[in-house]
Structures are given as C-alpha cells and as structure tokens.
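Please read the structure below before turning to the comments.
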Amino acid sequence: MSVMKKLSLVVPCYNEEESIPLFYRTVSKVIESMNTPTPTVTPEYIFVDDGSSDHTLEEMKQLHEEHPETVHFRSFSRNFGKESALAAGLQATTGEMVAVMDVDLQDPPELLPEMVDLIENRDYDCVGTIQQERRGQSRLRAFLSRSFYSVINWLSDVRIEPNARDYRLMTRQFVDTVLSLPEFNRFSKGIFSWVGFKTTYLTYESQPRAAGTTHWSLRQLFAYSIEGIIDFSNAPLRLATWVGSLSFLASIVALIFVIVRALTVGGSVAGWPSLVVILLAIGGIQLFCLGILGQYISKIYLETKHRPMYIIREEK
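Each residue of the sequence shown is one higher than the one before, counting from 1 in the UniProt record's numbering.
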C-alpha cells in the first residue's frame, strides 16, 4: 500500500476482563508486523462494553489511558446484546477499513494482513471468514448450526455462508451502507449478505478461546436463529397460510365424507376420542399459525417504538 490508512477494529465485549489485555497484545503484534518495514496502517481500537458485570470496563479504561490516541471504548447502561454492541462499534469507527473481531481470539488476527491485501489490491469491498467446525464442540451444537444455515438459505432470498463468522474486514463504503439500514431488530450476518458488494471469504481452523468461557447457551443460540429467519424471510407466514388452507380443505373433505356416509350407510356411532383428537389438532394448527403471525407483529411493534438500539453510559 502506498498511502497510510486507518484500520478500525470493532471489538464487542461482555464479561471479558481476562481476554482484553491478551487481545490487545496479540493484535498489536500483528499490526506491528504489517507496518514493518514500511508503515501501512494506523490502528483504531473500538471496544464496546455490553453491560458487563465484571472488570471489563476497567480493563478498557486502562488501555485507553495507556494508548489514548488509538484505543477508545463505549460502555452501555445495561446489557443490550451483541447486535447492539456491534452497531455501536461500527458507528464509532473513523477508519477507511473496518474489521469486526471477537475479543476471545477465536478469530485469528494473523489473517488481517491477507484481508487488507485482498481489499487494497484485489478490489474487494468485504473479506469475511468461515470457521471450520470447532474442536470440542458438541455434536448437538454442530448439527444445530448446520441445520440453521440449511433452513435459512432454503427460506430466504439472501444467501448466508454456512459457518460464516462476524469476523470480517470492510471498506468505509460497505460499513456506511450497513449503518444506513434503520432497522431496530438486526441480524448482522444477514445484513452483511443483503447489502451485496464484492465479497470473498477466507477459511480457517477453529481456535480455542484465549480466556474465559462462552456466554452463548443453546437457548440463546436457538432464539438468535429464529430472529435471523424471521428478519430475512417471510416463508413462515406463507407456511402458516398453507397449513391453514390444507386444514380447511381437510375439513371440507371430512364433511363430504360424513354426509355421503349418512346418506348411504346411516349415522355413525359417536366417537368421542376421535372428536377430541380432531379438535386438538385444529386448535394446535390455529395456535401455531397465530404464533408465527405474532412473531412478525412483535417485530413491527418494536420497530414502531423507535427506541434506540443501545444507551451509552460512558465513552472515550
């Protein structure tokens, strides 16, 4: 690269006091290697404290005091979730190139030089990453992950790369386009794919956490998956329509059968068990369809409130 450019690194954090110093030291070494022998990038670290209950914020403040020109932080008034933290970090960046990274170092910083090269010399707007199956990950989690990507890519017009990580490097134009989308309910992996632009992916082997433990439970991952499907597909609404239509047609067929049988054979003996089963089946279908409709209505409800995605308690 002939011109020095600023590289902004967005790092969402939630109870990661042990990982922050390790992350900074590791990434700083990579940036230093990129600037040897000729300086090419100026780093800008944007740490976002997502309402942590440990000493995460104190670690961020210490880094800022030691490196006030390059390290900045934003601290939420409470836990708003990773999507809000990611949006807050992107909004604070000023660099020509912006990277999103997890603080636990499962996203290898060693890929940054190659990612920068692809954007600078291959004219890409975004370089994403795909992680191979994590070592030590349970078979259930791996199966659910594969199933999620299969389902959302089948239902949605927007293709999301299986096992794609939030770890990516983007141009300023790409980031500004992502931030121009006004929605409150955000599913970043889908948004990154939806905006388009020239994108490529790098594959890397799974890395162990630098410190601490994961904060994502199966319940949270399942809820996040449902969020993504609802945000980027109206197929569940169409499914509800088809289920309701088929149920109605089945009732018409059953009515005709009862009338024909009464006229030809005679009345049948009342079957209470079968009647109860039918009522429960119809009631279940109705509640299922109402539940799908309710999910979309709840999204509309949250969007119309125009509440902010997050509230900043402190930033520097």
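Built from N, CA and C at the ideal position, the CB exists for glycine as well.
For this session: Consult DSSP for residue 319 and reduce its assignment to one of helix, strand or coil.
Result: The chain is shown from 1 up to 316; residue 319 falls before or after that span and cannot be answered.
For this session: Tell me whether residue 54 sits in a helix, a strand or coil according to DSSP, three-state version.
Result: coil
Exercise. Would residue 30 pass as a contact of residue 93 if the rule is Cβ separation under 8 Å?
Worked result: no
For this session: Return helix, strand or coil for residue 8, following the three-state DSSP convention.
Result: strand
For this session: Specify the secondary structure class of residue 1 as computed by DSSP and reduced to three states.
Result: Note that residue 1 scores a pLDDT of 43, beneath 50, so its modelled location is shaky and nothing firm can be said.
Exercise. Residue range of the beta strand (DSSP E) that residue 174 falls in?
Worked result: It is not in any beta strand (DSSP E) - residue 174 instead sits in the alpha helix (DSSP H) that spans 172 to 179.
Exercise. Can you give the beta carbon distance from residue 190 to residue 161, rounded, assuming they're within the 8 Å contact cut?
Worked result: Actually they do not touch by this definition, with Cβ atoms about 11 Å apart.
Exercise. For residue 18, which of helix, strand or coil comes out of DSSP?
Worked result: coil
Exercise. Beta-carbon separation of residue 170 and residue 116 under 8 Å?
Worked result: no
Exercise. Under 8 Å, do residue 73 and residue 316 count as touching if we go by C-beta distance?
Worked result: yes
Exercise. Can you give, in chain order, each stretch of the alpha helix (DSSP H) that sits fully within the region 40 to 120 and has at least 4 residues?
Worked result: 56 to 66 and 82 to 92
Problem set entry | Closest residue to residue 4 among 164, 50 and 35 (Cα-Cα distance) | 35
Exercise. In terms of residues, what are the limits of the beta strand (DSSP E) holding residue 333?
Worked result: There is simply no residue 333 to check, as the chain begins at 1 and stops at 316 in what is shown.
Exercise. In the structure shown, what three-state DSSP assignment does residue 318 receive?
Worked result: Given a span of 1 to 316 for the chain in the structure shown, any question on residue 318 remains unanswerable.
Exercise. Taking C-alpha atoms, which residue in 83, 63 and 48 lies nearest to residue 184?
Worked result: 83
Exercise. Over what stretch of residues does the beta strand (DSSP E) that includes residue 131 continue unbroken?
Worked result: 126 to 131
Exercise. Helix, strand or coil for residue 25 per DSSP?
Worked result: helix
For this session: Classify residue 181 as buried or exposed, calling it buried when 16 or more other Cβ atoms lie within 10 Å of its own Cβ.
Result: exposed
Exercise. Alpha carbon to alpha carbon, how far is residue 179 from residue 38?
Worked result: 33 Å
Exercise. In whole angstroms, what is the alpha-carbon distance linking residue 55 and residue 111?
Worked result: 29 Å
Exercise. If you compare alpha carbons, which of 91, 25 and 27 is closest to residue 310?
Worked result: 91
Exercise. Among 130, 10 and 253, which one has its Cα closest to the Cα of residue 204?
Worked result: 130
Problem set entry | Identity of the residue in 286, 282, 23 and 299 nearest residue 109 by Cα | 23
Exercise. Taking the alpha-carbon positions, what's the residue 27 to residue 106 distance?
Worked result: 12 Å
Problem set entry | Beta-carbon proximity check, residue 60 vs residue 20, cutoff 8 Å | yes
Exercise. Taking the DSSP output, what are the residues bridged to residue 168?
Worked result: 100 and 128
Problem set entry | Rounded C-alpha distance that separates residue 16 from residue 47 | 11 Å
Exercise. Residue 123: buried (16+ other C-beta within 10 angstroms of its C-beta) or exposed?
Worked result: exposed
For this session: Leaving out five residues on either side along the sequence, give the residues of the same chain with a beta carbon under 7 Å from the beta carbon of residue 1.
Result: At residue 1, the pLDDT of 43 sits below 50, so the modelled position is not reliable; the number obtained from the coordinates is stated separately. Around residue 1: 40 and 120.
Exercise. Whose CA, out of 103, 44 and 196, lies closest to the CA of residue 64?
Worked result: 44
Exercise. When you compare only the Cα positions, how much space is there between residue 6 and residue 95?
Worked result: 5 Å
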